[in-house]
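S.K.: Under the numbering used here, the first residue of the sequence shown is numbered 266, with each subsequent residue one higher. C-beta: ideal position from N, C-alpha, C; glycine also.
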Amino acid sequence: MTDDEFAVIQRHPVDGSEILRHLTPYRHIVEIVRHHHERWDGRGYPDGLAGEAIPFGARVIAVADTYDAMTTDRPYRRALSHEEALAELQRGAGTQFDPVVVAAFERALARAREAVREKTVPSMSAPVS
């Protein structure tokens with residue numbers, strides 16, 4: 266990717282937030298969209314916010330968006346497994362991501378995966394028909 270192409274990509278949070286700013290039903294998420302690529306350590310974009318200065322919703326979206334990007338096949342790389350993606354999120358906790366959000370995301374995913382297993386895997390104590 267060229268520097269110019271990367272600059273265009275880095276504009277998407279600002280461009281997206283500007284579009285939403287003019288749409289009344291979505292004004293409440295303008296700052297979340299603008300700051301979802303900020304980093305916990307302040308090295309993100311577009312404004313270089315750090316820690317608690319990053320809106321909470323943006324910190325949550327950053328983790329969820331990154332997990333989704335890592336676990337989805339891309340033209341330039343294969344998807345990571347759930348376990349690989351969680352390990353990457355854990356490595357980024359405290360630098361790229363809010364560590365509290367990473368821990369909560371991990372717990373929520375574990376509960377969701379367990380709920381799916383309970384609905385799709387027959388109980389060993391259930392009668393066989």
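Assuming residue 309 contacts residue 303 under a Cβ cut-off of 8 angstroms, what Cβ separation, rounded to an integer in Å, is found between them?
M.R.: For the purposes of this step, residue 309 is identified with residue 44 of the sequence shown, where counting begins at 1. For the purposes of this step, residue 303 is identified with residue 38 of the sequence shown, where counting begins at 1. Their Cβ separation, rounded to whole angstroms, is 4 angstroms, which keeps residue 309 and residue 303 in contact under 8 angstroms.
S.K.: When the Cα of residue 368 is compared with those of 353, 274 and 306, which residue comes out closest?
M.R.: Indexing the sequence shown from 1 puts residue 368 at position 103. Residue 353 is the option with its Cα nearest to residue 368.
S.K.: Below 8 angstroms between beta carbons: does that hold for residue 327 and residue 336?
M.R.: Taking the first residue of the sequence shown as 1, we reach residue 327 at position 62. Taking the first residue of the sequence shown as 1, we reach residue 336 at position 71. For residue 327 and residue 336, no; Cβs fall outside 8 angstroms.
S.K.: Can you give, in chain order, each stretch of the beta strand (DSSP E) that sits fully within the region 266-301 and has at least 3 residues?
M.R.: Entirely contained in the region 266-301, not one beta strand (DSSP E) run reaches 3 residues.
S.K.: Using beta-carbon positions only, say whether residue 278 and residue 300 come within less than 8 angstroms of one another.
M.R.: Residue numbering aside, residue 278 sits at position 13 when the sequence shown is read from its first letter. Residue numbering aside, residue 300 sits at position 35 when the sequence shown is read from its first letter. It is a contact, given that the beta carbons lie within the stated cut-off.
S.K.: Helix or strand or just coil, what does DSSP make of residue 344?
M.R.: Translated into the one-based positions of the sequence shown, residue 344 becomes position 79. It is coil, neither helix nor strand.
S.K.: Determine which residues share a DSSP beta bridge with residue 362 and list them.
M.R.: For this step, residue 362 is matched to residue 97 along the sequence shown. DSSP output for residue 362 lists 358 as bridge partner(s).
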